[in-house]
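Student:
Number of protein chains: 4
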Amino acid sequence: MIDIFTTGGTIDKVYFDALSEFQIGPTTLSQILTDNGVHAAHRVTELLRKDSLDMDDADRQIIYDAVAASDAAHILITHGTDTMVQTGRLLSQISGKTIVMTGAMQPFRVRGSDAEFNVGFALAAVQTLPAGVYVAMNGMIFDPVRAEKDRAGSRFVVRD
Amino acid sequence: MIDIFTTGGTIDKVYFDALSEFQIGPTTLSQILTDNGVHAAHRVTELLRKDSLDMDDADRQIIYDAVAASDAAHILITHGTDTMVQTGRLLSQISGKTIVMTGAMQPFRVRGSDAEFNVGFALAAVQTLPAGVYVAMNGMIFDPVRAEKDRAGSRFVVRD
Amino acid sequence: MIDIFTTGGTIDKVYFDALSEFQIGPTTLSQILTDNGVHAAHRVTELLRKDSLDMDDADRQIIYDAVAASDAAHILITHGTDTMVQTGRLLSQISGKTIVMTGAMQPFRVRGSDAEFNVGFALAAVQTLPAGVYVAMNGMIFDPVRAEKDRAGSRFVVRD
Amino acid sequence: MIDIFTTGGTIDKVYFDALSEFQIGPTTLSQILTDNGVHAAHRVTELLRKDSLDMDDADRQIIYDAVAASDAAHILITHGTDTMVQTGRLLSQISGKTIVMTGAMQPFRVRGSDAEFNVGFALAAVQTLPAGVYVAMNGMIFDPVRAEKDRAGSRFVVRD
Numbered sequence: 001m002i003d004i005f006t007t008g009g010t011i012d013k014v015y016f017d018a019l020s021e022f023q024i025g026p027t028t029l030s031q032i033l034t035d036n037g038v039h040a041a042h043r044v045t046e047l048l049r050k051d052s053l054d055m056d057d058a059d060r061q062i063i064y065d066a067v068a069a070s071d072a073a074h075i076l077i078t079h080g081t082d083t084m085v086q087t088g089r090l091l092s093q094i095s096g097k098t099i100v101m102t103g104a105m106q107p108f109r110v111r112g113s114d115a116e117f118n119v120g121f122a123l124a125a126v127q128t129l130p131a132g133v134y135v136a137m138n139g140m141i142f143d144p145v146r147a148e149k150d151r152a153g154s155r156f157v158v159r160d
Numbered sequence: 161m162i163d164i165f166t167t168g169g170t171i172d173k174v175y176f177d178a179l180s181e182f183q184i185g186p187t188t189l190s191q192i193l194t195d196n197g198v199h200a201a202h203r204v205t206e207l208l209r210k211d212s213l214d215m216d217d218a219d220r221q222i223i224y225d226a227v228a229a230s231d232a233a234h235i236l237i238t239h240g241t242d243t244m245v246q247t248g249r250l251l252s253q254i255s256g257k258t259i260v261m262t263g264a265m266q267p268f269r270v271r272g273s274d275a276e277f278n279v280g281f282a283l284a285a286v287q288t289l290p291a292g293v294y295v296a297m298n299g300m301i302f303d304p305v306r307a308e309k310d311r312a313g314s315r316f317v318v319r320d
Numbered sequence: 321m322i323d324i325f326t327t328g329g330t331i332d333k334v335y336f337d338a339l340s341e342f343q344i345g346p347t348t349l350s351q352i353l354t355d356n357g358v359h360a361a362h363r364v365t366e367l368l369r370k371d372s373l374d375m376d377d378a379d380r381q382i383i384y385d386a387v388a389a390s391d392a393a394h395i396l397i398t399h400g401t402d403t404m405v406q407t408g409r410l411l412s413q414i415s416g417k418t419i420v421m422t423g424a425m426q427p428f429r430v431r432g433s434d435a436e437f438n439v440g441f442a443l444a445a446v447q448t449l450p451a452g453v454y455v456a457m458n459g460m461i462f463d464p465v466r467a468e469k470d471r472a473g474s475r476f477v478v479r480d
Numbered sequence: 481m482i483d484i485f486t487t488g489g490t491i492d493k494v495y496f497d498a499l500s501e502f503q504i505g506p507t508t509l510s511q512i513l514t515d516n517g518v519h520a521a522h523r524v525t526e527l528l529r530k531d532s533l534d535m536d537d538a539d540r541q542i543i544y545d546a547v548a549a550s551d552a553a554h555i556l557i558t559h560g561t562d563t564m565v566q567t568g569r570l571l572s573q574i575s576g577k578t579i580v581m582t583g584a585m586q587p588f589r590v591r592g593s594d595a596e597f598n599v600g601f602a603l604a605a606v607q608t609l610p611a612g613v614y615v616a617m618n619g620m621i622f623d624p625v626r627a628e629k630d631r632a633g634s635r636f637v638v639r640d
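Chains as they are written, first to last, in this note's numbering: chain F, 1 to 160; chain S, 161 to 320; chain U, 321 to 480; chain H, 481 to 640.
1) Does any C-beta atom of chain F lie closer than 8 Å to the C-beta of Ile-259(S)?
2) So what does DSSP say about Gly-153(F), is it helix, strand or coil?
3) Assuming Phe-428(U) contacts Ile-352(U) (C-beta within less than 8 Å), just tell me the rounded distance between them.
4) Closest by CA to Phe-165(S), which one among Leu-208(S), Arg-306(S), His-199(S)?
5) To be precise: take each residue of the stretch 430-463 of chain U, compare its Cβ to all Cβ atoms of chain S, and keep it if any distance is under 9 Å. Which residues remain?
6) Tell me Met-265(S)'s beta-bridge partners as DSSP assigns them.
7) Between Thr-288(S) and Thr-27(F), what straight-line distance do the alpha-carbon atoms span, to the nearest angstrom?
8) May I ask you to verify whether the stretch 296-311 of chain S touches the stretch 132-140 of chain F, counting CB pairs closer than 8 Å and requiring at least 3?
9) Residues in the stretch 339-355 of chain U with C-beta within 9 Å of chain H's C-beta atoms, listed in sequence order?
10) Cα separation between Ser-634(H) and Asp-211(S)?
11) Using a Cβ-Cβ cut-off of 8 Å, state whether Leu-53(F) counts as contacting chain H.
12) State yes or no: is the beta carbon of Ala-307(S) nearer than 8 Å to at least one beta carbon in chain U?
13) My output table needs one value for Ala-122(F): the three-state DSSP class, helix, strand or coil.
14) Keeping to the same chain, check which residues put their C-beta closer than 6 Å to that of Glu-212(F); ignore five residues upstream and five downstream.
15) Can you tell me the Cα-Cα spacing of Glu-628(H) and Asp-54(F), whole angstroms?
16) How long is the line joining the alpha carbons of Ala-211(F) and Thr-243(S), rounded to whole angstroms?
17) Is Val-613(H) near Ser-572(H), with beta carbons less than 8 Å apart?
18) Mind reading off the beta-carbon distance from Val-580(H) to Val-606(H)? Whole number of angstroms is fine, and I expect it under 8 Å.
19) Give me the chain F residues within the contact set of Met-585(H), using Cβ-Cβ distance strictly less than 8 Å, ordered along the chain.
20) Starting from the beta carbon of Arg-631(H), find every residue of chain F whose beta carbon is closer than 8 Å, and list them in chain order.
21) Can you tell me the Cα-Cα spacing of Arg-466(U) and Gly-272(S), whole angstroms?
22) For Val-44(F), collect the residues of the same chain with a Cβ closer than 6 Å to its Cβ; drop the 5 residues on either side in sequence, then sort them by chain order.
23) What do you reckon, are the CB atoms on Arg-540(H) and Leu-570(H) nearer than 8 Å?
24) Please classify Val-17(F) as buried or exposed, where buried requires at least 16 other C-beta atoms within 10 Å of its C-beta.
25) Can you find a C-beta in chain S that's less than 8 Å from the C-beta of Arg-43(F)?
26) Counting only C-beta atoms, is Val-518(H) closer than 8 Å to chain U at any point?
27) Return helix, strand or coil for Gly-248(S), following the three-state DSSP convention.
28) Please list, in chain order, the chain H residues whose beta carbon lies closer than 8 Å to that of Asp-82(F).
29) For my contact list, Gly-209(F) and Gly-9(F) are in at a C-beta cut-off of 8 Å; report their separation, rounded to the angstrom.
30) Just to confirm the assignment, what range does the beta strand (DSSP E) spanning Ala-136(F) have?
31) Which one or two residues does DSSP pair with Gln-343(U) in a beta bridge?
32) Rounding to the nearest angstrom, what Cα-Cα distance links Tyr-64(F) and Asp-274(S) in this structure?
33) Within this structure, are the beta carbons of Ile-395(U) and Thr-418(U) separated by less than 8 Å?
34) Among the residues of its own chain, which have a CB less than 6 Å from the CB of Ala-442(U), if the five just before and after it don't count?
35) Which residues of chain S have a Cβ atom closer than 9 Å to the Cβ of Ser-154(F), listed in chain order?
36) If we ignore side chains and look at the alpha-carbon of each, how far apart do Val-477(U) and Arg-471(U) end up?
If you want it as structure tokens, here you go:
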């Protein structure tokens, strides 16, 4: 069983015409998994609908508590990319679980989005990596302690 | 370095209006990796453009030889789904490499295709699994000796 | 009221994994109209599911009879592009109706398909043109008597 | 010759990851016309990149002046939907030209967008309607004097 927690972020942004703006909508994770014929046992829980720039300590505690309380050994978290590594560092205090974080640079709803690729990438990583916390982005697996987002380059890199 | 070999299959089918039919076109793998912002070191080589139902022993030998000759320890192969497990069983004779096979039930060019998800999934699997041969489909990792395609269900299953 | 008749053609081709081939599926016209928020009064009737290269005189008679029997003055027909002009010439015998034919060079299900654009184009043409038969393709309105498909160029042209 | 003027609006909104928000990007009109194999003679000019809620009298004057100065009898304008009818009413003072306005409820870049359908619809309308100003949305042709946007319904309607 893979426990999937969604917290918002770009991956779930939707354009609302009546508001003339994009906002985070209901999570698209279940649709991504269904559309792609995933048969691995999993359950999806929507924890938050936040842009990660707007997350505070209370939000991160909600994520921490959900992961800590899960009876699953494999945890996949979708999260805004801007503060993904901060949340990842907090989750490092949890032992005995493989925790993989991913997100997207473009919303799932946008043509050419990296959402499906990244969720596929993270879903393999969470089933194969040893216990620990990982950021799975750009086709690479990062240690959140050493990773950071390069906003100008729209990618994650290893910090110097 | 990840060595990616493409062999054709549904993932690379394209509609040619002048022929009024779909055929396997140039591989879309490089486009998938670029579109999804992949920064893992890799190289893509197109070995074949075959529907896997049309592959014969000579075709599988071409794949075998390319994998055996590669200096990379991580090998990703895109392949038609219908005979993916047969090729996988042949490749099992190669030791010391992590070989992951994937493909798609719907062409990359078709809306809602599982191609990007599956390539993402396979790209994580090939970086994280120990040496051996694996079929990475439906969000699951299969041993080709024990897997088979359920055509009616459009999915891979473990044989009884 | 706009009467929409579908006859098959590339626009409605779908990839069937279990058959490893593309075939004409149920018409996508209603989905195209719904997805694009069309509020013009219309009704969709599926007459045939044929590649237009496979249409014979009996098939064209079915289309002719349906158009002749319609009580609507505005008729939109989706049709394979290869013999669209032949069917159009037959329909020229029907007077008092605006009959617009369209189709697609790439199936609606394929990314980047011209299906939605062409149906939108034809839907305006059928509401605004005087009685007669027209081929609405490539952002242009053709007289079927003088038009032909340039297969190599994947477009319609006026014959010399 | 069809003169196409773009002014911004939802149709051209793009997600900028580095800003964590959607903004109006370079116009997508030329891409839409190329992707859909349009061979009607046209020229595309980007006049503005504005959300139509942010347009003021000076902006509308820019549009008015461009249309008035055009030597083409057929003018297509892409425009945000929220104040499309206001601009249309101003343009009604220009005689002797067929002026068709369209836009989209979802950005072209978003899957399932109505952008391509609407541009196709408008491109036929501008070639077939008599001189006048028209709003071409929802598969219907509206008189801007009598039309309004129903924001809650995400569609245009005729005012009571």
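For each residue, glycine too, the CB sits at the ideal point set by N, CA and C.
Tutor: Quick answer:
1) Taking 8 Å as the threshold, the shortest C-beta distance from Ile-259(S) to chain F does not fall below it.
2) In this structure, Gly-153(F) counts as coil in the three-state DSSP scheme.
3) Here Phe-428(U) really is in contact with Ile-352(U); their C-beta atoms are around 7 Å apart, less than 8 Å.
4) The shortest Cα separation from Phe-165(S) among Leu-208(S), Arg-306(S), His-199(S) belongs to Leu-208(S).
5) Flagged, chain order: Val-430, Arg-431, Gly-432, Ser-433.
6) Its beta-bridge partners do not exist; DSSP assigns none.
7) Taking the Cα positions, Thr-288(S) is about 28 Å away from Thr-27(F).
8) Not touching, per the Cβ criterion.
9) Listed in chain order, the positions of the stretch 339-355 of chain U with a beta carbon within less than 9 Å of a beta carbon of chain H are Ile-352, Leu-353, Asp-355.
10) Going from the Cα of Ser-634(H) to the Cα of Asp-211(S) covers about 45 Å.
11) Taking CB atoms only, Leu-53(F) has a neighbour in chain H less than 8 Å away.
12) The C-beta of Ala-307(S) comes no closer than 8 Å to any C-beta of chain U.
13) In this structure, Ala-122(F) counts as helix in the three-state DSSP scheme.
14) A question about residue 212(F) goes unanswered here, because the residues of chain F that appear run from 1 up to 160.
15) Whole-angstrom Cα-Cα distance: 36 Å.
16) Look at the range of chain F in this structure, 1 to 160, and you will see that residue 211(F) is not part of it.
17) Yes, these two residues count as a Cβ contact at 8 Å.
18) About 4 Å separates the two Cβ atoms, so the contact holds.
19) By Cβ distance, chain F contributes Asp-17.
20) For Arg-631(H), the chain F residues whose Cβ falls inside 8 Å of its Cβ are Asp-17, Ala-18, in order along the chain.
21) Those two C-alpha atoms are separated by around 39 Å.
22) Closer than 6 Å at the Cβ level, and outside the excluded window around Val-44(F), lie Ile-4, Leu-29, Ser-30.
23) Here Arg-540(H) is near Leu-570(H), since their CB atoms are less than 8 Å apart.
24) In the sequence on display, residue 17(F) carries Asp and not Val. Asp-17(F) is classed as buried because its beta carbon has at least 16 other beta carbons within 10 Å across all chains shown.
25) Closer than 8 Å to the CB of Arg-43(F) there is not a single CB belonging to chain S.
26) Yes - at least one Cβ of chain U is within 8 Å of the one on Val-518(H).
27) The answer is helix: DSSP assigns Gly-248(S) an H, G or I state.
28) Counting only Cβ-Cβ distances below 8 Å, Asp-82(F) has contacts in chain H at Ser-500, in chain order.
29) Residue coverage of chain F in this structure runs from 1 to 160, which leaves residue 209(F) outside it and unanswerable.
30) Per DSSP, the unbroken beta strand (DSSP E) holding Ala-136(F) starts and ends at 132-137.
31) Note: Gln-343(U) sits in a beta bridge opposite Val-334(U).
32) Going by C-alpha positions, Tyr-64(F) is about 32 Å away from Asp-274(S).
33) With a cutoff of 8 Å on beta-carbon distance, Ile-395(U) and Thr-418(U) are scored as near each other.
34) Within the same chain, Ala-442(U) has close Cβ partners Leu-396, Val-420, Thr-422, Ala-456.
35) Contact note: Ser-154(F) reaches chain S through Gly-197, using a C-beta cutoff of 9 Å and chain order.
36) Separation of Val-477(U) and Arg-471(U) (C-alpha to C-alpha, rounded to the nearest whole angstrom) is 10 Å.
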